[in-house]
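A short worksheet on the structure shown next.
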Amino acid sequence: MLRVEQLEIRRGQQVVLSGIDLQLRPGEVLGVLGPNGAGKSTLLAAMTGELPASAGQVTLDQRALDDWSGPERARRLAVLPQSSSLNFAFRVEEVVAMGRLPHDSGRMRDAQIIKEALHAADATHLTGRSYLALSGGERQRVHLARVLAQLWPGGDGQILLLDEPTSMLDPLHQHTCLQAVRRLAESGAAVLVILHDLNLAARYCDRLLLLDQGRAHALGTPADVLRAEPLQAVFGLEVLVQTHPERGHPLIVAR
């Protein structure tokens with residue numbers, strides 16, 4: 001289990017995150033919301049060990065992240081960042097295969113997992129193409145397949161962290177992406193996803209953390225968090241909060 005306790009991150013004299021307590025639960029999708037500069041990506045970087053904590057701690061199964069070897073941690077924890085610096089003409093399936101590097105499951109098993117991960121990300125038809133020839137949205141789906149392959153088939157103890165995985169996707173693939181993430185959680189994995197679309201968060205997340213100026217403004221179910229008052233306070237946006245007529249989750253409409 002990945003746990004954040006009284007986390008504080010400083011950059012020079014500036015406190016960019018303060019007093020964050022969080023626990024990722026198996027089988028759950030936790031969404032992180034907040035305006036630009038609220039500390040969402042900083043939180044994710046701290047949860048991966050990329051940024052050291054100025055105070056507090058991040059632990060995986062009650063062990064500090066630094067206590068885990070690289071391959072050992074990679075078999076448990078996968079991260080999809082906002083963007084990738086990959087700049088080589090790998091074939092699509094070679095990029096997805098990078099997710100299998102921490103494992104020793106054999107070529108035949110890896111090939112099957114790569115195929116299934118590409119299917120889950122709706123990227124099977126991209127097989128054989130050069131990564132550099134893809135659009136931004138296609139590249140994002142290939143990297144989604146890569147992190148799915150890294151944790152495939154999911155299960156209790158697996159953790160996936162995603163930073164705005166739908167930012168370059170068309171409406172259909174925003175949903176296919178988050179449906180794949182939901183299925184991974186339903187297998188027992190714990191998932192944290194940073195999103196800007198409030199309605200996608202309402203539909204696919206079990207709990208939401210609303211950040212404002214580096215602090216937790218609200219943490220709870222979508223019905224608890226996605227109310228007019230906190231959204232006005234954090235985003236400065238006047239909204240109507242309705243109920244989805246078929247699914248029952250909150251539906252956010254700007255006034």
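Read in order, the letters of the sequence shown correspond to residues 1 to 255 in the UniProt record's numbering. No residue lacks a Cβ here, since even glycine has one placed at the ideal position from N, Cα and C.
Report buried or exposed for residue 207, applying the criterion of at least 16 other Cβ atoms within 10 angstroms of its Cβ. buried
Exercise for review: Would you tell me roughly how many angstroms separate the C-alpha atoms of residue 51 and residue 159, rounded to the nearest one?
Suggested key: 18 Å
| task | Assign residue 149 to one of three DSSP states: helix, strand, or coil. | result | helix
Specify, as a first and last residue, the run of the alpha helix (DSSP H) that residue 224 falls within.
222-225
(request) Confirm, please, whether the CB-CB distance from residue 71 to residue 26 is below 8 Å. (result) no
Would residue 128 and residue 91 qualify as a contact pair, given that the criterion is a beta-carbon distance under 8 Å?
yes
State the start and end residues of the unbroken alpha helix (DSSP H) segment that holds residue 124. Run containing residue 124: none; DSSP gives neither H nor E here.
| field | residue 77 (DSSP reduced to helix, strand or coil) | value | strand
- Looking only at its own chain, which residues have a Cβ that is under 7 Å from the Cβ of residue 176, when we skip the five neighbours before and after it? 122
Reduced DSSP secondary structure (H/G/I, E/B, other) of residue 8:
strand
Alpha helix (DSSP H) containing residue 44: first to last residue? 40-48
_Option nearest residue 192 by Cα separation, candidates 139, 253, 35, 41_ = 41
For this session: Assign residue 100 to buried or exposed, taking buried as 16 or more other Cβ atoms, counted over all protein chains shown, within 10 Å of its Cβ.
Result: buried
Worksheet entry | Sequence-distant residues of the same chain with beta carbon closer than 8 Å to residue 105, five excluded per side | 113
Item to complete: Take the Cβ of residue 19 as the centre, count every other Cβ of all protein chains shown within 10 Å, and call the residue buried at 16 or more, exposed below.
Response: exposed
Q: Spell out the partners DSSP gives residue 243 in its beta bridges.
A: 250
inquiry  = Using 8 Å as the cut-off, can you tell me whether the segment 215-235 makes contact with the segment 57-70, which would need three or more C-beta pairs spanning the two stretches below that distance?
reply    = no
- Query: So residue 207 is in the alpha helix (DSSP H); what residue range does that whole segment cover?
  - Reply: Run containing residue 207: none in the alpha helix (DSSP H); it sits in the beta strand (DSSP E), 207-212.
Just reading off the alpha helix (DSSP H) that residue 176 is part of, what are its end residues? 171-186
* Asked: residue 53 to residue 60, Cα distance in whole Å?
  -> 14 Å
- Item | Residue closest to residue 276, alpha-carbon to alpha-carbon, out of 44, 146, 133, 109 | Because the chain in this structure spans residues 1 to 255, residue 276 falls outside the shown range and cannot be described.
Taking buried to mean at least 16 other C-beta atoms within 10 Å of its own C-beta, is residue 47 buried or exposed? buried
Within its chain, find whatever has a CB closer than 7 Å to the CB of residue 89; leave out the 5 residues flanking it on each side and keep chain order. 130, 131, 132
Would you identify the three-state DSSP class for residue 202, choosing helix, strand or coil?
helix
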